[in-house]
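Report on one structure; see the data block that follows.
Number of protein chains: 2
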Amino acid sequence: MTVEVQTGAVIVDTTRSPYARWRPLPVDGVRLHDSIWEPRRRRTVQETLAEQYRLLEETDRLANFRRTAGKEPGGFTGIYFNDSDVYKWLEAAAWAMATDPTPELDRLIDSVVQELADAQQPDGYLDNFYTLGEMDKRWTELVRTHELYCAGHLFQAAVAHYRATGKENLLGVARRFADLICDTFGPEDAGKRPGTDGHEEIEMAMVELGRATGEQRYIDQAAYFLDARGHGLAGGDEYHQDHLPFREASDVVGHAVRQVYLTAGAADIYAETGDESIKAALDRLWDNMTQRRMYVSSGIGSRWEGEAFGKDFELPNSRAYTESCAAIGSVMWNWRMLLLTGEARYADLIETTLYNAMLPGLSLEGDTYYYQNPLSDDGTHRRRPWFDCACCPPNLARTLASIGGYLATVRDNELALHLYADAEIDAPLPSGDRVRLTVNTAYPWDGAIRVAVESAGSFTLALRIPGWSADASLTINGKPADVELPPGDYARLERAWQAGDVVDLTLPMPVRRLAAHPHLFENRGRIAIMRGPVLYCLERAGNGTVDPRDVRLPADAELSARHEPDLLGGVTVLEVEALVQPLADSWTNRLYQPLGAVGQASPADRQRITLIPYFVWANREPGPMEVWLGTA
Amino acid sequence: MTVEVQTGAVIVDTTRSPYARWRPLPVDGVRLHDSIWEPRRRRTVQETLAEQYRLLEETDRLANFRRTAGKEPGGFTGIYFNDSDVYKWLEAAAWAMATDPTPELDRLIDSVVQELADAQQPDGYLDNFYTLGEMDKRWTELVRTHELYCAGHLFQAAVAHYRATGKENLLGVARRFADLICDTFGPEDAGKRPGTDGHEEIEMAMVELGRATGEQRYIDQAAYFLDARGHGLAGGDEYHQDHLPFREASDVVGHAVRQVYLTAGAADIYAETGDESIKAALDRLWDNMTQRRMYVSSGIGSRWEGEAFGKDFELPNSRAYTESCAAIGSVMWNWRMLLLTGEARYADLIETTLYNAMLPGLSLEGDTYYYQNPLSDDGTHRRRPWFDCACCPPNLARTLASIGGYLATVRDNELALHLYADAEIDAPLPSGDRVRLTVNTAYPWDGAIRVAVESAGSFTLALRIPGWSADASLTINGKPADVELPPGDYARLERAWQAGDVVDLTLPMPVRRLAAHPHLFENRGRIAIMRGPVLYCLERAGNGTVDPRDVRLPADAELSARHEPDLLGGVTVLEVEALVQPLADSWTNRLYQPLGAVGQASPADRQRITLIPYFVWANREPGPMEVWLGTA
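From first to last, the protein sequence lines stand for chains P and F.
Those letters in the first sequence? Residues 1 to 632, per the numbering used here, in order.
Those letters in the second sequence? Residues 1001 to 1632, per the numbering used here, in order.
Given below as structure tokens:
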């Protein structure tokens, strides 16, 4: 097998996609030195991979492959989609091989790949739930058993592994299975089996496999799976996004991870086909999600029942589901939208989703996880080391292991910086030039961003001005630059750069008090606090005996930022003199009472309280927490 | 078999219960003539019973019995607890035989009883899911398959049928099964099988069966089942109320119907045993439910996931679950608490639960049902004729068919009126006297209640003064009576009554604006409107194009009551000049924005709006509805 396409360890390869504006950098084109992402990335590579490998063994997820291969006795153990956790781990390990290759990890990956290869059936089939169970039922339970979802994760892992290492062993396993899937699924009049998976994933995976191998049929197959939806093949309901053909959809519905994996796949298909009805549906769905069905944390999927999107404005705080995996899926979707359109709003959302919806899913120690990320809690919701349904831990691992790949993109002779973090960037431009940059910044704690150009050349440097940044300023070599700095768009610096040129972008970071739409009743009269891209919260830990529900921030109260290098891994906290308003005694042991009977509350106490970034909540002693705070 | 105990068609028989203060009247001791309960009761007896019988046949619920008996071929159809729907129907039909006996209904009941008898196994066992399935698994899946729950509904039906008709055919079936259960379940050291059901019901059913038959062992068995909880036999979790021994419980948790069926059973056991640790637990659970986990509608069980109680203050309006069956279960529990204690607060809650939590579950036509009863809706939640899990329709039927039984209770030479409705009451007092009363009232639309004594005698007439009624007044034969009228308690009129004596109780019904506890954030700054025991709501139907979410009631706006005899079956509506506040344009297509960027809204429009009783919502064209309204 000859593979002709190799563009480095990029997360999504739009190099040859006719309808994409940007192409990513390889994840190893960025060396991070910041205090948020790099410690977590390094911990993922150095410790989490080994820990999760051990858990994959302990929970028989790897044994299932050996059992299929006949190397050890036993039937299938675990949930039917457990193979996918192995694949997500492989993907994470592949990204680690791009940035931090070691012979040990290489060997470990190869040994796992060999387990997969040994378990693969002669026709290319690979799914232990069926090979160890009822093989005559394969392909017949797509709505329920995630067969193509698992295949998709295999393909994503294979593509990442191939891009990171150039090795074709895992890619070969993937191709053999993909060929079988292409031969199997399609329209009835082509002599094939109509079908599409109950859990989307195969769509984006097959587009990427097509990109990595140059096989157009994989991309066509992805498009088939997309358009097979909405005709009752995948359950026929909103939960599976099978209630409507994708091109007719307007509302994000059903299982949130499924929904955003579907839109991510549709965006990949659009990048290849330019089909405007797909793009129009993506735009409608994005508007509905961001304007009606998203938390202020950028988290999505509010309903516990079905891990699903709720109706418009159905965004309960303490009963928020907001699965960590849904945040990751949203990043995947928005990353593709950014590559397609070059519009900064997608990068804005990637940034806030990473900080405020994904990162809370991981403990500061990096060894426990949230599945759900509520915006209010009584102190009982704590992170756990693993789950029976363990989608989130390896999903976090693969995202953190490749996090550098989200910082910048290139096209022609242009490089755009989307996320700001202390880093070195080494980017081959499509024009042939090579751009080397050093980014120095304490962002997101401080809005001063210095970009030093280390390599001479004529190219455009595009810098994202976040939507919240009204008063950005920019100098080049210390002199104010004559360039537009539009919030929610990019400053574009087109110039013959000299090595040693220094760009200083300053994004002032006033504290922002956000109000929610009045139909989101739970947040009426309350505010959420952001500074830069970071959402804040109030937890009892560090604040005496305060009940966050009773705290009110006067309109004129100054929230002062102070960096605490030794607190919670180093965070900027916000301090404020707040009112702590005890409840009127008449509420003791009462849930409802006539308005006239509500007693006068005691005068509020003034108390200095400290808000912390929401993404580090619940890393100290348990206690109540609120994102939305009262006003006075 | 000789049955010695027969006290009329009472809902719960506390005649010989040493720790109960009241005993019920037979359901046929009350003839209703009112405009709310009687039309619904009559419709239940005259039409619903026949419709539901047809549905029981159509859905093979009755066929399952015939299949077990070998009368027709086939396996078990439906959900494992489907037998219980037949039993609930039988109970409803039994109550109808008490109030409206016909030879046709009697024959129909007997034919169904014969199906049951023919399906009963030689050892007394009766559960079609197992007799048509894997009999070797019987008793082994109590956590999941509701085996004893089904048995409990059989026993309740049998007791009702025996009390209503004196017939022992169904009671005999029940006794044979109950004897088997008593022989089977118990402590291991008694040589029995430890166990208790995953869905409570058997507890109250076995106490009642013991009362009806005089068999103490059934009551002892109920107590065994109660105390078997909390030791991991029923799942070990909150969902099944198996996380703690009952006597240690303080919070209502888990599946709401299960929780209140359990407390109802525990109350029945307390009535017989006087065990104070049971009563103390009941009191704690009641406080937690009413002070922290109940809607203003008196509905309970806020969570869709698990049909469960939420945490304290977790009471979302549009995503309220508030199952109709949970309301019925709450009535069952509170009825027993009232019988035990004689405290009016339980009657208050029975009344508001019947009007505002149970009745909304039934359409005005009486032929469609709500499973969930949200307090806010966008117009998409509509009643349906039946459900795969069809617990609610026959549960409503058995409650409505026996509704007259909840109006009054007796003890010694005292009769208490708990619920007010146009009715004739014919009550044998335990002292031997017979009291005949006529109640004339348009309650709950009007607080004027006339009680005419039709039979001479010395007895105490106790009249409930609802908790909301601050300015009650009372005359006897037109003259002010020297009697205390304490809200939330009873006025007690002890007198040698003459036939023709007339008591006029007047309960003024000002409109009440209720506020919710400040920690119930969704309702902050909003009010719920009640008048008398009736909760009101605003739905778009009848109110032009109003969006109920944008309506604000000024503090001084007068809500004027007007009876509309031709509207929605005859209801008193509330009219008010409200402000309709359009949203600021800055909210268009935005979910969050900085406080300072929120635009000025246009001035509010004044608009005359009409509120209707919540229990008749969604009986006109679909549209949005809110119980909680904004204030201005």
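Beta carbons: idealized from backbone N, C-alpha and C, even for Gly.
Min CB distance residue i to chain F below 9 angstroms
| i | result |
| --- | --- |
| P:Lys311 | yes |
| P:Val44 | Note that residue 44 of chain P corresponds to Thr in the displayed sequence, not to Val. Answer no: the Cβ-Cβ gap between P:Thr44 and chain F never drops below 9 angstroms. |
| P:Glu454 | no |
| P:Ala190 | no |
| P:Ile328 | no |
| P:Gly623 | no |
| P:Thr290 | yes |
| P:Thr254 | The sequence given here places Gly at residue 254 of chain P; Thr does not occur at that position. Output row for P:Gly254: interface = no. |
| P:Tyr592 | yes |
| P:His563 | no |
| P:Ala528 | yes |
| P:Trp628 | yes |
| P:Asn589 | yes |
Residue i at chain P interface by Cβ criterion, 9 angstroms
| i | result |
| --- | --- |
| F:Glu1522 | yes |
| F:Gln1114 | no |
Sequence-distant residues of the same chain with beta carbon closer than 7 angstroms to residue i, five excluded per side
| i | result |
| --- | --- |
| F:Thr1545 | none |
| F:Ala1228 | Pro1194, Gly1195, Thr1196 |
| P:Arg398 | Lys88, Glu91, Ala92, Trp95 |
Distance, residue j Cα to residue i Cα
| i | j | result |
| --- | --- | --- |
| P:Val253 | P:Phe309 | 5 angstroms |
| P:Ala448 | P:Leu507 | 6 angstroms |
| F:Tyr1080 | F:Trp1386 | 17 angstroms |
| F:Thr1077 | F:Tyr1125 | 19 angstroms |
| P:Glu305 | P:Asp251 | 18 angstroms |
| P:Glu272 | P:Leu629 | 45 angstroms |
| F:Thr1059 | F:Asp1118 | 20 angstroms |
| P:Val30 | P:Leu407 | 8 angstroms |
| F:Gly1214 | F:Ser1330 | 27 angstroms |
| F:Gly1405 | F:Leu1282 | 23 angstroms |
| F:Ser1277 | P:Leu591 | 26 angstroms |
| F:Leu1233 | F:Thr1131 | 23 angstroms |
| F:Val1086 | P:Leu142 | 36 angstroms |
| F:Val1003 | F:Gln1046 | Caution applies to F:Val1003, whose pLDDT of 44 falls short of 50 and renders its modelled position unreliable; the value that the coordinates give is listed next. Going from the Cα of F:Val1003 to the Cα of F:Gln1046 covers about 31 angstroms. |
| F:Arg1319 | F:Ile1300 | 12 angstroms |
| F:Ala1249 | P:Glu365 | 36 angstroms |
| F:Thr1290 | P:Met337 | 49 angstroms |
Cutoff 9 angstroms: residue i Cβ touching any chain B Cβ
| i | result |
| --- | --- |
| F:Glu1141 | Any reference to chain B falls outside this structure, whose protein chains are P and F. |
6 angstroms CB neighbourhood of residue i in its chain, flanking five on each side removed
| i | result |
| --- | --- |
| F:Asp1083 | Asn1128, Cys1150 |
| P:Leu559 | Val511, Leu574, Val576 |
| F:Lys1167 | none |
| P:His563 | Trp445, Thr572 |
| P:Gly236 | Asp242 |
| F:Ile1476 | Val1503 |
| P:Ala205 | Gly152, Phe155, Gln156 |
Take every Cβ of the segment 1029-1043 of chain F, pair it with every Cβ of the segment 1101-1120 of chain F, and state whether three or more of those distances are shorter than 8 angstroms. no
Residues of the segment 294-309 of chain P in Cβ contact with chain F at a cutoff of 7 angstroms, in chain order, please. Met294, Val296, Trp304, Glu305
Cβ contact check for the segment 516-523 of chain P and the segment 308-327 of chain P: 3 or more pairs under 8 angstroms: yes
Taking only beta carbons into account, state which residues of the segment 594-608 of chain P come closer than 7 angstroms to chain F, listed in chain order. Pro594, Leu595, Val598
Would you be able to state if there are at least three C-beta pairs under 8 angstroms between the segment 1610-1628 of chain F and the segment 1373-1391 of chain F? yes
Return the residues of the segment 534-564 of chain P that lie within a Cβ-Cβ distance of less than 7 angstroms from chain F, sorted by chain order. Arg549
Contact list for the segment 1493-1526 of chain F against chain P, Cβ threshold 8 angstroms: Arg1512, Arg1513, Leu1514, Ala1515, Ala1516, His1517, Pro1518, His1519, Leu1520, Phe1521, Glu1522, Asn1523, Arg1524, Gly1525, Arg1526
Scan the segment 315-339 of chain P for residues whose Cβ lies nearer than 9 angstroms to a Cβ of chain F and list them as they occur along the chain. Leu315, Pro316, Asn317, Ser318, Arg319
Contact residues within the segment 343-374 of chain P, judged by C-beta distance below 9 angstroms to chain F: none
Going along the chain, which residues of the segment 1568-1585 of chain F sit with their C-beta nearer than 8 angstroms to a C-beta in chain P? Leu1583
Within 8 angstroms of chain P by C-beta, residues of the segment 1277-1288 of chain F in sequence order: Asp1287
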